[in-house]
Amino acid sequence: METPRTTPVDWKVTRTDFWEIRSALNPAGGSFVEFTSRIGVSEWPLIHMTFGRNPETGRLKPAKGIIALGRIAFGVFPVGQLAVGIFPVGQAAFGLVFAIGQAALAVTAVGQLAIAYHLAVGQLAVAKTAVGQMAFGKYCVAQVAVGEHIYTRKVKDPEALRRLREALPLLGRFTAG
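Per the working numbering, the very first residue in the sequence shown carries number 561; after that it's consecutive.
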């Protein structure tokens, strides 16, 4: 059997007013489908989605777009197992502003492991203001906390809650004090 790299690929290409859809069967098994919007900004399509392994290379093809969806995704709003961008969502999410993921890294991050500069919320949270089961930072609210101002079952520093309310303005509407 020939490898995916040497086998000619029989691409099926469909074009609509909004999409270009490329699909092919992968000789190694499975299929590959790529949706690319025909509108975008510069080289970045508005929406780019990839599913499966590219039969020409045998590798995952990263999705790159304003909105990007794929196992590996780069963009303003990327969604994938590995998501890198401004507002990513993924198992591993690396963001410039905000990230959601099992492991999230950004200025503000939410995840099982959340590492951030400003605010982290997660089972393990590390940031200037950290909320979680375990939190490390200057201001921490957690079951187990390490920081300058902490709020736990045993230690109740009101400065930690004040800072949390400051970081999350809507929270103050739902909590007393």
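Glycine included, C-beta positions come from ideal geometry on N, C-alpha and C.
Item to complete: Mind checking who H678 pairs with in its DSSP beta bridge?
Response: As a position in the sequence shown, residue 678 is number 118, starting the count at 1. Looking at the DSSP assignment, H678 forms no beta bridge with any residue, so it has no partner.
Fill in: Sequence-distant residues of the same chain with beta carbon closer than 6 Å to M561, five excluded per side
As a position in the sequence shown, residue 561 is number 1, starting the count at 1. Residue confidence is low: M561 scores 41 on pLDDT, short of 50, so the model does not pin down where it sits. Its coordinate-derived value is still stated next. Hits under 6 Å: none found.
Item to complete: Identify which residue in E616, G618, G650 and V639 has its Cα closest to the Cα of I626.
Response: Here the question's residue 626 lines up with position 66 in the sequence shown. Per the Cα distances, V639.
Discussion item. So, does the segment 708-717 touch the segment 674-685, judging by three or more C-beta pairs under 8 Å?
Written reply: no
Practice prompt. Output yes or no for whether 8 Å exceeds the beta carbon distance between F592 and R619.
Written response: Position 32 of the sequence shown, counted from the first residue, corresponds to residue 592. Position 59 of the sequence shown, counted from the first residue, corresponds to residue 619. Contact flag unset, no.
Discussion item. Is it buried or exposed, P568, if we count other Cβ atoms within 10 angstroms and call 16 or more buried?
Written reply: Residue mapping note: residue 568 aligns to position 8 of the sequence shown, counting from 1. So P568 counts as exposed.
Worksheet item: Roughly how many angstroms separate the alpha carbons of A584 and T610, rounded to a whole number?
Response: Numbered from its first residue, the sequence shown carries residue 584 at position 24. Numbered from its first residue, the sequence shown carries residue 610 at position 50. Taking the straight line from one Cα to the other gives about 12 Å.
Worksheet item: Can you give the Cα-Cα distance for S602 and M694, rounded to whole angstroms?
Response: Residue mapping note: residue 602 aligns to position 42 of the sequence shown, counting from 1. Residue mapping note: residue 694 aligns to position 134 of the sequence shown, counting from 1. Each residue's Cα considered, the two are about 43 Å apart.
Worksheet item: CB V701 to CB V686, shorter than 8 Å?
Response: For this step, residue 701 is matched to residue 141 along the sequence shown. For this step, residue 686 is matched to residue 126 along the sequence shown. No, they are not a contact pair.
Worksheet item: Where F578 and R713 are concerned, what is the direct C-alpha to C-alpha distance, given to the nearest angstrom?
Response: As a position in the sequence shown, residue 578 is number 18, starting the count at 1. As a position in the sequence shown, residue 713 is number 153, starting the count at 1. The straight-line gap from Cα to Cα measures roughly 55 Å.
Fill in: From A720, P587, I607 and A588, residue whose alpha carbon lies closest to that of E594
Against the sequence shown, residue 594 aligns to sequence position 34. Residue I607 is the option with its Cα nearest to E594.
Worksheet item: Can you tell me whether DSSP reads A687 as helix, strand or coil?
Response: If you number the sequence shown from 1, residue 687 lands on position 127. Correct three-state label for A687: coil.
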